[in-house]
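*Asks:* Going down the list, the sequences are from chains A and B.
This note's numbering applies: residue 37 is where the first sequence begins, and numbers increase by one.
This note's numbering applies: residue 37 is where the second sequence begins, and numbers increase by one.
There are 2 protein chains.
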Amino acid sequence: MSQPNSTRKKLLDAARKLFWTRGYSNVSVRDITKAAGVDVALVSRYFGSKQGLFEATLAEIAPWEALDASPDDLLAAAVASFSKPFDPEGDQANPFTMLLANVIDPEMGDTVRGMVQHNLADPLARKLGGSNPDERAAMLLAILFGMALMRKNFRIDALSTKPLKEIEAQIHHLAVAALQFGD
Amino acid sequence: MSQPNSTRKKLLDAARKLFWTRGYSNVSVRDITKAAGVDVALVSRYFGSKQGLFEATLAEIAPWEALDASPDDLLAAAVASFSKPFDPEGDQANPFTMLLANVIDPEMGDTVRGMVQHNLADPLARKLGGSNPDERAAMLLAILFGMALMRKNFRIDALSTKPLKEIEAQIHHLAVAALQFGD
DNA sequence: TTACGAAGTCAACAACCGTTGACAAAAATC
DNA sequence: GATTTTTGTCAACGGTTGTTGACTTCGTAA
Chain A
37 MSQPNSTRKK LLDAARKLFW TRGYSNVSVR DITKAAGVDV ALVSRYFGSK
87 QGLFEATLAE IAPWEALDAS PDDLLAAAVA SFSKPFDPEG DQANPFTMLL
137 ANVIDPEMGD TVRGMVQHNL ADPLARKLGG SNPDERAAML LAILFGMALM
187 RKNFRIDALS TKPLKEIEAQ IHHLAVAALQ FGD
Chain B
37 MSQPNSTRKK LLDAARKLFW TRGYSNVSVR DITKAAGVDV ALVSRYFGSK
87 QGLFEATLAE IAPWEALDAS PDDLLAAAVA SFSKPFDPEG DQANPFTMLL
137 ANVIDPEMGD TVRGMVQHNL ADPLARKLGG SNPDERAAML LAILFGMALM
187 RKNFRIDALS TKPLKEIEAQ IHHLAVAALQ FGD
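1) Taking only beta-carbon positions, decide if residue 181 of chain B is within less than 8 angstroms of chain A.
2) Step through the CB atoms of chain A and report whether any lies within less than 8 angstroms of the CB of residue 37 of chain B.
3) How is residue 118 of chain A classed by DSSP in three states: helix, strand or coil?
4) Can we say the segment 104-117 of chain B touches the segment 194-213 of chain B, given the rule of at least three CB pairs closer than 8 angstroms?
5) How would you write the range of the alpha helix (DSSP H) that residue 191 of chain A sits in, first residue to last?
6) Between the C-alpha atoms of residue 52 of chain B and residue 119 of chain B, what's the straight-line distance to the nearest angstrom?
7) Return the residues of the segment 51-81 of chain B that lie within a Cβ-Cβ distance of less than 8 angstroms from chain A, sorted by chain order.
8) Decide if the segment 75-91 of chain B is in contact with the segment 148-164 of chain B; the criterion is three or more beta carbon pairs, one per stretch, under 8 angstroms apart.
9) Pairing CB atoms from the segment 189-203 of chain B with CB atoms from the segment 170-182 of chain A, are three or more of them under 8 angstroms?
10) Against chain B, with Cβ distances strictly below 8 angstroms, would residue 162 of chain A count as a contact?
11) List the residues of chain B whose Cβ lies closer than 7 angstroms to the Cβ of residue 195 of chain A, in chain order.
12) What's the gap between the Cα of residue 138 of chain A and the Cα of residue 88 of chain A?
13) So residue 215 of chain A contacts chain B; which residues on that side make the cut at Cβ distance below 9 angstroms?
14) What would DSSP say about residue 83 of chain B, mapped onto helix, strand or coil?
15) Please report how far the alpha carbon of residue 135 of chain B lies from the alpha carbon of residue 50 of chain B, in whole angstroms.
16) Do residue 61 of chain A and residue 142 of chain A have their C-beta atoms within less than 8 angstroms of each other?
17) What's the call for residue 59 of chain A, buried or exposed, on a 16-neighbour Cβ count within 10 Å?
18) Residue 66 of chain A: buried (16+ other C-beta within 10 angstroms of its C-beta) or exposed?
19) Which residues, taken in chain order from the segment 94-128 of chain B, show a beta carbon closer than 7 angstroms to some beta carbon of chain A?
20) Give a yes or no on whether 8 angstroms exceeds the smallest Cβ distance from residue 170 of chain A to chain B.
21) Distance, Cα to Cα, residue 132 of chain B vs residue 181 of chain B?
22) For residue 219 of chain B, would you say it is in contact with chain A, using Cβ-to-Cβ distances shorter than 8 angstroms as the test?
23) Which same chain residues end up closer than 6 angstroms to residue 218 of chain B when comparing Cβ atoms and leaving out the 5 residues on each side of it in sequence?
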């Protein structure tokens, strides 16, 4: 069942790419099975349900690497993680685009909100420490998500056409200001 | 047809509230007509189609008021507009939550992207002038959308439980940094 | 070779989707 | 008051949704 090209992996890859970019409710199981080249009924066999397949893609997500970085590298690691695709070779989706795509979803919104609060905002605030850690963590995330939103989702020309290096410099400029809040 | 409580207005109010928070594809015409307390077939009669009803809600949107503010008031006006609900008395939705809710929509994403580029980013860059106007405009929008996202959509505790005044101070702190970029 | 369990195929289900047309009720015009 | 126009009601349509169960195919162990 864990052959490199097994049906399970085909489904998981196709589901991640589609769910994480279009959002849970905007993707049908037939979209996924067509992209994976397998029969519709196999979703039910391998993952129980559409929701089970979605949750299987969430289970792949590792803890946010920026939380393990040294204080000096925190900003660089945080910025980099927002642009790195989940799968090194291939698709565009990463865990942060997934969060953006699913937060307004009527079925998965609560799940996604919980992930941002407990897996990103809370541990980041603990790592930051100092004064107003929760507010500064939220501001940092707002910048990261906001810039990702402008570049990847709204595709504003000034951001989507620039090389990644320049964007990261802009994010860094804003992030420094966020971390200085309340001093 | 333009009585204060006419069917057309009931449909438009319900459609705005639902479309602008859940996103176009996540709302059915039966959801809207049930909320409005009218028959399903009347969407077709008054607006031609579901898409026509959605576009009618978009037609209500006035130009971004921050673009008319004096340079000194620009930041304050921009910040305030992101928290002000569309309808003074009542629902939560405003044009910016609408943009967030519909940008990943498979049918309305292109429309929404065009609005952000042409109605927000481009005129804001023209108003800012100076060096790197497009980049600074995009960064300012990233902050505004990012903070709205954290507060309203992800509902991060540190932002969603605070009074609006404190949030606006945080946004202002970040926005000043955005406008100083590239000096 | 046989037997067995896993893997894949296919058709169908009930529910929901946007939309339509025939019809009844109400309002406005003459 | 009669006629016309507007407005609202109801049932149905073709299509898509997630899910299921019966079936065939395949690989492997006895």
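Where is the CB? At the ideal position from N, CA and C, for every residue including glycine.
*Replies:* Let me lay it out:
1) Taking a beta-carbon distance threshold of 8 angstroms, residue 181 of chain B counts as an interface residue toward chain A.
2) Here the model assigns residue 37 of chain B a pLDDT of 40, short of 50, so the residue's position is not dependable and the matter cannot be decided.
3) Coil at residue 118 of chain A, not helix or strand.
4) Counting Cβ pairs under 8 angstroms, three or more are found: they touch.
5) Counting along the chain, residue 191 of chain A falls outside any alpha helix (DSSP H), and DSSP gives it neither H nor E.
6) Looking at the two C-alpha atoms, the distance is approximately 17 angstroms.
7) Within the segment 51-81 of chain B, the residues whose Cβ lies closer than 8 angstroms to some Cβ of chain A are 57, 58, 59, 61, 62, listed in chain order.
8) No contact exists between the segment 75-91 of chain B and the segment 148-164 of chain B.
9) Between the segment 189-203 of chain B and the segment 170-182 of chain A there are three or more inter-stretch CB-CB distances shorter than 8 angstroms, so the stretches are counted as touching.
10) With respect to chain B, the C-beta atom of residue 162 of chain A has no partner C-beta closer than 8 angstroms.
11) Simply 174.
12) Residue 138 of chain A and residue 88 of chain A: Cα-Cα distance of roughly 15 angstroms.
13) Using a Cβ-Cβ cut-off of 9 angstroms, residue 215 of chain A is close to nothing in chain B; its nearest Cβ partner there is about 11 angstroms away.
14) Looking at residue 83 of chain B - three-state DSSP - the assignment turns out to be helix.
15) If I take the Cα positions, the gap works out to 17 angstroms.
16) Cβ atoms of residue 61 of chain A and residue 142 of chain A: closer than 8 angstroms.
17) Flag for residue 59 of chain A reads buried.
18) With a 10 Å radius around the Cβ and a threshold of 16 neighbouring Cβ atoms, residue 66 of chain A comes out exposed.
19) The segment 94-128 of chain B vs chain A, Cβ under 7 angstroms: nothing.
20) So yes, residue 170 of chain A belongs to the interface.
21) When the Cα atoms are used, residue 132 of chain B and residue 181 of chain B turn out to be separated by approximately 8 angstroms.
22) Closer than 8 angstroms: no.
23) Closer than 6 angstroms at Cβ, skipping near neighbours: 167, 168.
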